[in-house]
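When the letters of the sequence shown are read in order and numbered with our numbering, they come out as residues 1 to 173.
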Amino acid sequence: MNFNTDTYRLQLKNLTLHHAPFILELLNTEGWKTFIGERYIHTILDARAYIQRINGNPDIDYYVVYLKDTASPIGMISLIQRTYLPYRDIGYAFLPRYTGNGYALEAAKCVMDGLIAHTKQPVLYATTFPHNVSSIRLLDKLGLKLKQELQREHEEKLLLYEVDLDALRQQQK
Numbered sequence: 001m002n003f004n005t006d007t008y009r010l011q012l013k014n015l016t017l018h019h020a021p022f023i024l025e026l027l028n029t030e031g032w033k034t035f036i037g038e039r040y041i042h043t044i045l046d047a048r049a050y051i052q053r054i055n056g057n058p059d060i061d062y063y064v065v066y067l068k069d070t071a072s073p074i075g076m077i078s079l080i081q082r083t084y085l086p087y088r089d090i091g092y093a094f095l096p097r098y099t100g101n102g103y104a105l106e107a108a109k110c111v112m113d114g115l116i117a118h119t120k121q122p123v124l125y126a127t128t129f130p131h132n133v134s135s136i137r138l139l140d141k142l143g144l145k146l147k148q149e150l151q152r153e154h155e156e157k158l159l160l161y162e163v164d165l166d167a168l169r170q171q172q173k
């Protein structure tokens with residue numbers, strides 16, 4: 001979904017090569033490494049190659065979240081079509097200094113609203129680790145409900161959350 005939009009405090013832009021310094025910083029935060037995984041992005045060139053892989057994959061959309069006041073990138077929202085799910089899932093990661101201010105909720109809600117308005121995707125998923133309490137809290141605030149536990153071979157257990165986008169579309173009519 002090609003998507004550049006604003007909220008009251010934030011601006012969301014599609015990921016581009018221009019974002020390489022930000023990607024280098026974000027992917028090396030402790031939160032990214034703990035809850036998403038090590039990506040071995042250690043230089044600007046690595047970050048540029050990572051962005052090219054993301055943008056070359058039609059199953060992945062990344063949106064960089066900016067503070068409107070400062071025009072600084074603070075986080076990212078993703079929509080990914082996982083091989084083990086029938087519909088895309090939403091993910092998010094923010095620089096540690098910007099957590100706890102409601103930015104992730106505001107940005108994720110904006111992307112969900114975009115999905116409702118501009119796609120026919122009936123359901124939105126999210127996955128998180130059972131010990132990622134802040135992510136679980138955010139998913140609850142977004143209206144996603146726990147569907148089941150997922151245990152994929154050779155991987156940690158995940159919690160699968162979902163929200164019925166079709167029902168949300170009907171509520172908006």
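C-beta atoms are modelled at their ideal positions from N, C-alpha and C, and glycine is treated no differently. These figures come from a predicted structure and were not determined experimentally.
Anticipated Cβ contact below 8 Å, residue i with residue j, distance rounded
i	j	result
I179	L24	Nothing in the structure corresponds to residue 179, since the chain is present only between 1 and 173.
K145	V163	7 Å
Y63	F3	6 Å
I90	A108	6 Å
I136	Y98	That pair is no contact at about 19 Å.
L105	L142	7 Å
Coarse secondary structure for residue i, derived from DSSP in three states
i	result
N14	strand
D89	strand
D6	strand
P21	helix
G56	coil
A108	helix
K173	coil
K141	helix
G100	coil
A71	coil
H131	coil
With 16 other Cβ atoms within 10 Å as the buried cut-off, status of residue i
i	result
H19	buried
G56	exposed
D61	buried
A126	buried
Y84	exposed
Y50	buried
L17	exposed
Y40	exposed
Cross-strand partners of residue i (DSSP beta bridge)
i	result
M76	V64 and A93
L146	Y161
A174	Outside the shown range of the chain, which is 1 to 173, sits residue 174, and nothing can be said about it.
Q. Of all the alpha helix (DSSP H) runs that stay within the bounds of the region 23-51, which reach a length of 4 or more residues?
A. As far as the region 23-51 is concerned, its whole alpha helix (DSSP H) runs of at least 4 residues are 30-35.
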